[in-house]
Every structure is written in C-alpha cells, then in structure tokens.
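**Q** Numbering (my numbering), first residue to last: 1 to 273.
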Amino acid sequence: QKEAAQKRWTISDFDVGKPLGRGKFGHVYIAREKRSNHIVALKVLFKSQLQQSQVEHQLRREVEIQSHLRHPNILRLYGYFYDQKRVYLILEYAARGELYKELQKCKYFSERRAATYVASLARALIYCHGKHVIHRDIKPENLLIGAQGELKIADFGWSVHTFNRRRTMCGTLDYLPPEMVESVEHDASVDIWSLGILCYEFLYGVPPFEAKEHSDTYRRIVQVDLKFPPKPIVSSSAKDLISQMLVKESTQRLALHKLLEHPWIVQNADPSG
Ligand SMILES: O=C(O)c1cc(-c2cccc(F)c2)nc2ccccc12
Ligand SMILES: [Mg+2]
Numbered sequence: 001q002k003e004a005a006q007k008r009w010t011i012s013d014f015d016v017g018k019p020l021g022r023g024k025f026g027h028v029y030i031a032r033e034k035r036s037n038h039i040v041a042l043k044v045l046f047k048s049q050l051q052q053s054q055v056e057h058q059l060r061r062e063v064e065i066q067s068h069l070r071h072p073n074i075l076r077l078y079g080y081f082y083d084q085k086r087v088y089l090i091l092e093y094a095a096r097g098e099l100y101k102e103l104q105k106c107k108y109f110s111e112r113r114a115a116t117y118v119a120s121l122a123r124a125l126i127y128c129h130g131k132h133v134i135h136r137d138i139k140p141e142n143l144l145i146g147a148q149g150e151l152k153i154a155d156f157g158w159s160v161h162t163f164n165r166r167r168t169m170c171g172t173l174d175y176l177p178p179e180m181v182e183s184v185e186h187d188a189s190v191d192i193w194s195l196g197i198l199c200y201e202f203l204y205g206v207p208p209f210e211a212k213e214h215s216d217t218y219r220r221i222v223q224v225d226l227k228f229p230p231k232p233i234v235s236s237s238a239k240d241l242i243s244q245m246l247v248k249e250s251t252q253r254l255a256l257h258k259l260l261e262h263p264w265i266v267q268n269a270d271p272s273g
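What follows is the structure, given as structure tokens:
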C-alpha cells in the first residue's frame with residue numbers, strides 16, 4: 001500500500017460509477033480503481049469553485065492531515081490528483097452512507113447505538129489529539145457509516161495541527177463550543193464539546209442549543225442552557241455524561257479517556273465499535 005501513496009493517479013485509472021452525493025465544491029462518485037478492482041469514493045472538486053471560496057489552502061491542509069491518519073473510525077484518504085479544471089480526492093468508500101440520513105430516518109438512536117458511536121468517536125479523537133490534530137467540525141454531516149455499521153469521521157476540512165488555531169465562522173453554529181463562538185483561543189477540548197453535542201443529538205434527535213435565530217443559539221451556547229426533554233426517556237447516566245462534556249470552562253470538560261470509563265459507555269457501548 002506504501003507505493004500507492006507516491007503513485008501519480010489520473011482519472012483513467014478509474015471506472016467512475018454513480019454519484020454518491022454532492023457537496024458545495026463538487027460531487028462524490030463511487031469508482032473502481034482498474035488495476036486493483038478496489039472500490040473507492042472519488043471526490044471531484046472544481047478549481048474555480050475552490051478559488052472563488054478561497055479554500056485552496058484549507059483543502060491542501062485537509063489532504064495533508066487526512067492522508068496521514070490511520071484509524072478504523074477515520075475515513076481513509078488514499079491519495080489525490082488534479083487536472084486542468086478539477087482536484088480529485090481518492091477516499092475510502094463508506095458502504096452504509098451518511099450518518100445524518102440514518103439519524104433523520106430513525107429520529108433518534110437507542111442508548112446502546114448512541115453509546116457505541118460515541119465510544120468509537122472518542123477513540124478516533126484520542127488518536128487525532130495524540131497526533132496534535134483537532135477536527136473542529138464534528139457533526140452528523142461529517143460522519144459516515146462503514147460496511148459493518150462502524151462510524152467513520154470524514155471531512156477534515158476544518159481540522160488543524162494545534163499550532164495555528166484561527167477559524168473563520170461558517171456553517172451551523174450548533175456544534176461550536178463557547179470559546180469558538182466567542183472566537184477566543186481553543187484547543188483539543190473543542191472536540192469534546194462537539195462530541196457532547198453529538199451524544200445529545202443521537203439520543204434526542206436534535207442538538208441541545210437549537211433555536212430559530214442564530215442569536216438565540218449563540219446565547220444558549222455561551223450560557224450552556226442545557227435542558228433534557230421528558231421524551232424520549234433517556235437514562236440519568238447518559239445525562240450525567242453529557243453534562244460533564246458540555247462545560248463552558250474547556251479545562252473542566254470530561255477527558256476523552258475518562259469518557260471511555262464512564263458507566264454509561266461501559267454498560268452500553270458495543271466493544272467492537
Ligand atoms: O493547479 C493546482 O496546482 C492546484 C492544486 C491543488 C491541490 C494540490 C494538492 C492537494 C490538493 F488537495 C489540492 N488545488 C488547487 C485548487 C485551485 C486551483 C488550483 C489548484
Ligand atoms: Mg463538511
């Protein structure tokens with residue numbers, strides 16, 4: 001597999017199949033690499049779009065970071081290439097698709113399914129943080145499901161090596177912790193906050209600080225206005241975990257390795273992830 005990293009790919013190396021989805025900068029297709037018959041997801045991005053949105057540097061960073069990460073719960077980026085008009089990312093194909101569609105279909109997940117997902121995300125984030133990478137954009141839209149039902153973190157578009165931490169605001173605010181919404185310095189604990197938001201959304205079907213207006217969401221985040229609805233019924237153990245993650249003071253948030261020892265995770269997460 002090492003030689004694949006240096007190989008110069010071209011589109012003629014692939015049989016391109018049906019579109020899997022469309023993003024802001026282009027489409028993702030299922031494809032088969034001709035020599036190996038390996039099935040991949042080919043993300044095709046238009047250079048013109050990338051230039052217009054001034055995200056070339058972000059894309060190069062995403063590629064640089066994701067291509068070096070190897071973890072069962074992180075979507076592999078096998079390589080990239082580009083031609084006159086497009087940049088192509090050769091990505092792992094996640095057979096069961098996008099998590100947010102699964103969440104919309106189920107409305108919310110069982111405690112066992114939610115805990116299994118949260119534990120696997122925690123292990124992936126421990127791995128990333130060990131390499132001084134913070135993702136900063138953990139939300140359902142950036143999670144995919146593999147052939148065995150395992151979760152894969154995708155889209156490292158907002159990830160950084162923790163030496164530079166600036167981020168311009170865009171997209172939903174729902175998952176941002178107070179320090180990012182107030183755009184002060186932040187560190188790996190931002191991913192712990194987002195994982196807490198995700199855990200809540202897995203169990204209730206909506207993120208905790210959702211509001212009609214951005215200004216209301218902003219206020220609810222900075223005040224950590226955390227409320228648990230009476231329905232669906234959720235264990236107090238789950239609420240305890242969420243309450244230890246959604247803490248305004250970032251240094252007081254439950255550490256990821258402590259999360260894996262929390263009773264709710266120990267009693268509900270499927271060890272295979
Ligand atoms: O024409 C180029 O040299 C080019 C290369 C890359 C690029 C190079 C490596 C990794 C990566 F993800 C993207 N991105 C672009 C985006 C817009 C316009 C041109 C380019
Ligand atoms: Mg994304």
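The beta carbon of each residue, even a glycine, is placed where N, CA and C say it ideally should be.
#1: Spatial neighbours of SER120 within its chain, please: C-beta separation below 7 Å, excluding the five flanking residues on both sides.
#2: Roughly how many whole angstroms lie between the Cα atoms of ARG113 and ALA269?
#3: Rounded to a whole number of angstroms, what is the C-alpha to C-alpha distance between SER110 and GLN148?
#4: State yes or no: is the C-beta of GLU56 nearer than 7 Å to some heavy atom of ligand 1?
#5: To the nearest angstrom, report how far apart ARG136 and VAL190 are at their CA atoms.
#6: Given 7 Å as the limit, tell me if VAL63 has its C-beta closer than that to any heavy atom belonging to ligand 1.
#7: Give the single residue among GLU201, GLN54, SER48 and TYR127 whose Cα lies nearest to the Cα of VAL234.
#8: Between the C-alpha atoms of TYR93 and GLY146, what's the straight-line distance to the nearest angstrom?
#9: Which term fits LYS7, buried or exposed, when burial requires 16 or more other beta carbons within 10 angstroms of its beta carbon?
#10: When the Cα atoms are used, what is the spatial distance from LEU144 to ALA124?
#11: Note down, one range per segment and in chain order, each alpha helix (DSSP H) of at least 4 residues found wholly within the stretch 193 to 225.
**A** Result, derived from the coordinates:
#1: ASN73, GLU150, LEU151 and GLY273
#2: 7 Å
#3: 18 Å
#4: yes
#5: 6 Å
#6: yes
#7: GLU201
#8: 8 Å
#9: exposed
#10: 13 Å
#11: 214 to 222
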